[in-house]
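There are 2 protein chains.
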Amino acid sequence: MIQPQSVGIVAPQRARFTVPLPLRSGGRLDDYELVYETYGRLNAARDNAVLVCHALSGSHHVAGTHAEDPADIGWWDNLVGPGKPLDTRKFFVIGVNNLGGCYGSSGPNAINPATGKRWGADFPFVTVEDWVDAQARLMDLLGIERLAAVIGGSLGGMQALSWTLQYPDRVRHAAVIASAPKLTAQNIAFNEVARQAILTDPDFHGGHYYEHGVVPARGLKLARMVGHITYLSDDAMAEKFGRSLRHGKAVYSYDVEFEIESYLRYQGDKFAGYFDANTYLLTTKALDYYDPAFEHGGNLAAALARATAEFLVVSFTTDWRFAPPRSREIVYALLHNRRRVSYAEIDCDAGHDSFLLDDPRYHAVLGAWFDRIEVQP
Amino acid sequence: MIQPQSVGIVAPQRARFTVPLPLRSGGRLDDYELVYETYGRLNAARDNAVLVCHALSGSHHVAGTHAEDPADIGWWDNLVGPGKPLDTRKFFVIGVNNLGGCYGSSGPNAINPATGKRWGADFPFVTVEDWVDAQARLMDLLGIERLAAVIGGSLGGMQALSWTLQYPDRVRHAAVIASAPKLTAQNIAFNEVARQAILTDPDFHGGHYYEHGVVPARGLKLARMVGHITYLSDDAMAEKFGRSLRHGKAVYSYDVEFEIESYLRYQGDKFAGYFDANTYLLTTKALDYYDPAFEHGGNLAAALARATAEFLVVSFTTDWRFAPPRSREIVYALLHNRRRVSYAEIDCDAGHDSFLLDDPRYHAVLGAWFDRIEVQP
Numbered sequence: 001m002i003q004p005q006s007v008g009i010v011a012p013q014r015a016r017f018t019v020p021l022p023l024r025s026g027g028r029l030d031d032y033e034l035v036y037e038t039y040g041r042l043n044a045a046r047d048n049a050v051l052v053c054h055a056l057s058g059s060h061h062v063a064g065t066h067a068e069d070p071a072d073i074g075w076w077d078n079l080v081g082p083g084k085p086l087d088t089r090k091f092f093v094i095g096v097n098n099l100g101g102c103y104g105s106s107g108p109n110a111i112n113p114a115t116g117k118r119w120g121a122d123f124p125f126v127t128v129e130d131w132v133d134a135q136a137r138l139m140d141l142l143g144i145e146r147l148a149a150v151i152g153g154s155l156g157g158m159q160a161l162s163w164t165l166q167y168p169d170r171v172r173h174a175a176v177i178a179s180a181p182k183l184t185a186q187n188i189a190f191n192e193v194a195r196q197a198i199l200t201d202p203d204f205h206g207g208h209y210y211e212h213g214v215v216p217a218r219g220l221k222l223a224r225m226v227g228h229i230t231y232l233s234d235d236a237m238a239e240k241f242g243r244s245l246r247h248g249k250a251v252y253s254y255d256v257e258f259e260i261e262s263y264l265r266y267q268g269d270k271f272a273g274y275f276d277a278n279t280y281l282l283t284t285k286a287l288d289y290y291d292p293a294f295e296h297g298g299n300l301a302a303a304l305a306r307a308t309a310e311f312l313v314v315s316f317t318t319d320w321r322f323a324p325p326r327s328r329e330i331v332y333a334l335l336h337n338r339r340r341v342s343y344a345e346i347d348c349d350a351g352h353d354s355f356l357l358d359d360p361r362y363h364a365v366l367g368a369w370f371d372r373i374e375v376q377p
Numbered sequence: 001m002i003q004p005q006s007v008g009i010v011a012p013q014r015a016r017f018t019v020p021l022p023l024r025s026g027g028r029l030d031d032y033e034l035v036y037e038t039y040g041r042l043n044a045a046r047d048n049a050v051l052v053c054h055a056l057s058g059s060h061h062v063a064g065t066h067a068e069d070p071a072d073i074g075w076w077d078n079l080v081g082p083g084k085p086l087d088t089r090k091f092f093v094i095g096v097n098n099l100g101g102c103y104g105s106s107g108p109n110a111i112n113p114a115t116g117k118r119w120g121a122d123f124p125f126v127t128v129e130d131w132v133d134a135q136a137r138l139m140d141l142l143g144i145e146r147l148a149a150v151i152g153g154s155l156g157g158m159q160a161l162s163w164t165l166q167y168p169d170r171v172r173h174a175a176v177i178a179s180a181p182k183l184t185a186q187n188i189a190f191n192e193v194a195r196q197a198i199l200t201d202p203d204f205h206g207g208h209y210y211e212h213g214v215v216p217a218r219g220l221k222l223a224r225m226v227g228h229i230t231y232l233s234d235d236a237m238a239e240k241f242g243r244s245l246r247h248g249k250a251v252y253s254y255d256v257e258f259e260i261e262s263y264l265r266y267q268g269d270k271f272a273g274y275f276d277a278n279t280y281l282l283t284t285k286a287l288d289y290y291d292p293a294f295e296h297g298g299n300l301a302a303a304l305a306r307a308t309a310e311f312l313v314v315s316f317t318t319d320w321r322f323a324p325p326r327s328r329e330i331v332y333a334l335l336h337n338r339r340r341v342s343y344a345e346i347d348c349d350a351g352h353d354s355f356l357l358d359d360p361r362y363h364a365v366l367g368a369w370f371d372r373i374e375v376q377p
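Right under this line is the structure:
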């Protein structure tokens with residue numbers, strides 16, 4: 001059943017681009033497609049568009065449901081809709097599956113037009129900056145010269161930040177949520193474990209597993225299990241699972257004994273059933289590479305000097321993947337440049353995952369911030 | 001070259017036990033062996049013995065070197081030796097490889113006397129309590145009725161704690177370092193990822209890989225990589241590796257780019273080359289199961305009421321695997337029972353690994369504590 005504040009049934013759209021896109025890796029995409037969804041209506045002044053950037057496992061399907069699968073609710077449906085914090089009565093909201101993704105945009109599991117076969121491991125490395133370039137071309141196609149706002153959480157927040165640096169004139173506001181200006185060694189370490197799990201899976205076949213009729217499900221499952229640990233806070237795990245034993249006592253087996261084991265295995269298996277391992281690899285590398293201060297000798301303030309947007313930065317107290325100090329780095333660098341920035345550090349016990357949940361204070365902050373953004377009627 | 005304060009060249013010894021040992025899992029070992037080393041001299045009063053309990057990947061080789069491999073220095077050599085905090089001029093120090101281990105004691109990679117083949121997956125589950133029972137029998141054999149002290153870090157700390165509960169009359173002092181009275185859901189989650197990496201490795205063969213002439217090296221490597229992340233603090237990783245790129249810039253490859261990747265892969269490969277995967281599985285389960293308060297409705301103070309030893313509890317500020325609050329739980333439960341307990345929370349940036357390092361304040365605390373323990377001349 002469609003909820004009252006849902007955008008309702010939505011249908012993905014597809015855009016093809018034939019002007020070559022140069023990539024930071026040195027490669028380029030000559031012919032590529034992006035799948036996207038839109039919610040609300042672009043106004044006559046074309047000044048009410050908000051781009052939503054997705055994180056590691058997200059997609060273009062941000063809100064609403066699909067007619068053929070009513071249970072497939074958008075990943076940020078609690079945020080986007082009529083009367084919701086990102087109000088589709090006011091804004092024209094766009095979700096796009098990034099290049100290298102596995103939900104319909106050009107990526108490893110899509111057909112390489114040059115060969116007629118799936119790209120597999122031949123799909124080029126893509127970076128946050130490449131994604132933003134591709135998103136900008138989609139905005140061109142939609143006739144949107146300037147975004148009212150760009151918003152994203154986690155890796156999506158990196159894209160929002162990068163928009164303000166790559167296209168400062170094309171974005172008025174940017175919301176960077178549960179994110180960081182670059183990964184730490186520990187962040188990279190977790191990504192590397194996930195990658196090694198996939199790369200060493202005998203079913204990986206050098207990334208060309210499609211041709212072998214298999215997927216590296218074991219590796220992808222492990223990658224997701226590691227990921228899930230870092231998405232949840234220690235406290236949230238303790239509260240949700242604690243040391244609960246499925247059989248009430250130890251039974252001395254490698255089958256599921258503790259409920260947390262059951263949860264992780266279930267999440268891992270589910271993910272391995274629908275997500276593409278090559279996309280997981282590419283996306284973790286995009287995360288690792290992102291570091292706008294790198295070309296400024298590590299000086300983030302210098303890197304952010306180009307940004308002119310008004311910012312909202314949000315972090316969550318129990319997020320240890322991208323802890324509040326990582327968000328504060330962004331805030332301080334913006335303040336150093338005398339930029340307008342609002343910062344909220346939300347006391348929420350759900351860890352990194354908080355950015356996907358609907359904590360009332362969090363959504364109140366977002367709602368107030370979007371409410372303040374001026375658009376033509 | 002043997003350092004001045006080294007115990008020098010040592011040789012492991014072996015003890016065989018033929019009185020059946022009942023196990024918490026319901027099984028029993030009818031015939032088993034323990035490998036151990038000793039340093040210093042047992043005095044005439046037999047009251048100067050200190051048992052050192054090892055953690056996940058440790059062994060009986062606590063100090064000194066082996067004649068056939070001078071580079072094989074004991075894992076706590078910085079602590080144990082003449083003039084060191086645990087001074088072998090005063091104490092008779094014993095290191096023992098736990099049951100289920102892979103360094104010579106009865107375990108999955110050892111021969112099952114009943115079949116003449118390696119135990120493999122048929123080796124029974126062992127718990128912290130079982131290990132302590134086996135250690136107590138070794139003490140019987142060595143003629144040690146009462147230990148001057150038992151000491152261990154991490155999982156070794158759990159054994160030290162368990163000694164005071166299972167054999168309160170046989171241990172005068174206990175040092176519980178970088179440990180916890182039980183694992184959290186997050187701790188178990190990391191162990192479960194490690195286990196799944198091993199169990200789903202096609203070379204695991206249900207634990208009977210020895211017969212197939214292979215080892216589940218991929219899985220064991222991943223397990224160790226995950227483990228290493230949790231042994232180091234975020235800060236220590238940042239300081240040691242940061243975002244250093246091997247080639248000075250991104251080269252867009254799944255080969256090693258960041259130095260932290262190199263470190264983790266190296267540690268993982270090295271470990272997979274010498275450690276036994278079945279032992280890793282068994283040991284992580286022993287960690288998961290340990291929970292002395294379980295039979296007391298979760299009341300740790302009630303569980304520790306049996307303990308009569310004098311305690312030293314040590315934690316490290318940047319240890320997020322067994323964070324200081326986990327040690328404080330032990331301290332509070334002991335204080336509740338009016339026991340003597342010293343507690344030191346050491347400001348050391350190396351994370352969980354700190355317990356193996358020789359931070360001067362940490363070693364000063366240990367040295368002073370051992371110095372205070374009275375033994376006959």
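The listed protein sequences correspond, in order, to chains A and B. Going letter by letter, the first sequence gives residues 1 to 377 in UniProt numbering. Going letter by letter, the second sequence gives residues 1 to 377 in UniProt numbering. Backbone N, C-alpha and C fix where the C-beta goes; we use that ideal spot for every residue, glycine too.
Residue i - DSSP class collapsed to helix/strand/coil
i         : result
Pro22(B)  : strand
Gln13(B)  : strand
Ser162(A) : helix
Phe275(B) : coil
Ser342(B) : strand
Asp87(B)  : strand
Phe294(A) : helix
Arg46(A)  : coil
Arg41(B)  : coil
Asn78(B)  : coil
Phe92(A)  : strand
Ile73(B)  : coil
Asp371(B) : helix
Own chain partners of residue i with C-beta closer than 7 Å, once the 5 adjacent residues on each side are dropped
i              : result
Leu245(B)      : Glu257, Phe258
residue 382(A) : Absent from the structure is residue 382(A), since the part of chain A shown begins at 1 and ends at 377.
Contact set between residue i and chain B, taken where Cβ atoms lie within less than 8 Å
i         : result
Met237(A) : Thr184, Ala185, Gln186, Ala189
Thr200(A) : Arg218, Lys221, Leu222
Alpha-carbon to alpha-carbon, residue j and residue i
i         : j         : result
Gln159(A) : Trp320(B) : 30 Å
His352(A) : Asn78(B)  : 39 Å
Gly104(A) : Ala286(A) : 19 Å
Gly81(A)  : Tyr39(A)  : 8 Å
Met225(A) : His228(B) : 16 Å
Thr279(A) : Gly101(A) : 6 Å
Gly206(A) : Ala344(B) : 50 Å
Gly74(B)  : Leu357(B) : 13 Å
Ser262(A) : Lys221(A) : 13 Å
Chain A residues whose Cβ lies nearer than 7 Å to that of residue i
i         : result
Arg28(B)  : Near Arg28(B) there are no residues of chain A at all, since even the closest Cβ is about 13 Å away, more than 7 Å.
Ser25(B)  : Tyr252
Asp234(B) : Thr184, Gln186
Close-in-space but distant-in-sequence residues of the same chain around residue i (CB under 6 Å, 5 per side omitted)
i         : result
Pro4(B)   : none
Asp291(A) : Lys182
His66(A)  : Asp72
Environment of residue i [buried if 16+ CB atoms lie within 10 Å]
i         : result
Val341(A) : buried
Gln376(B) : exposed
Glu295(A) : exposed
Asp69(B)  : exposed
Val19(A)  : exposed
Pro325(A) : exposed
Leu264(B) : buried
Ala148(B) : buried
Interface residues of chain B facing residue i [CB-CB closer than 7 Å]
i         : result
Met225(A) : Val193, Gln196
Asp291(A) : Arg243
Close-in-space but distant-in-sequence residues of the same chain around residue i (CB under 8 Å, 5 per side omitted)
i         : result
Gln166(A) : Glu129, Val132, Asp133, Ala136
Ile346(A) : Val314, Ser315, Phe316, Thr317, Ser354, Asp359, Arg361, Tyr362, Val365
heavy atom of the ligand ZN below 7 Å from residue i C-beta
i         : result
Met139(B) : The ligand ZN is not among the ligands present in this structure, which contains no ligands whatsoever.
Interface partners of residue i on chain B, CB under 9 Å
i         : result
Leu264(A) : Ala189, Glu192, Val193, Gln196
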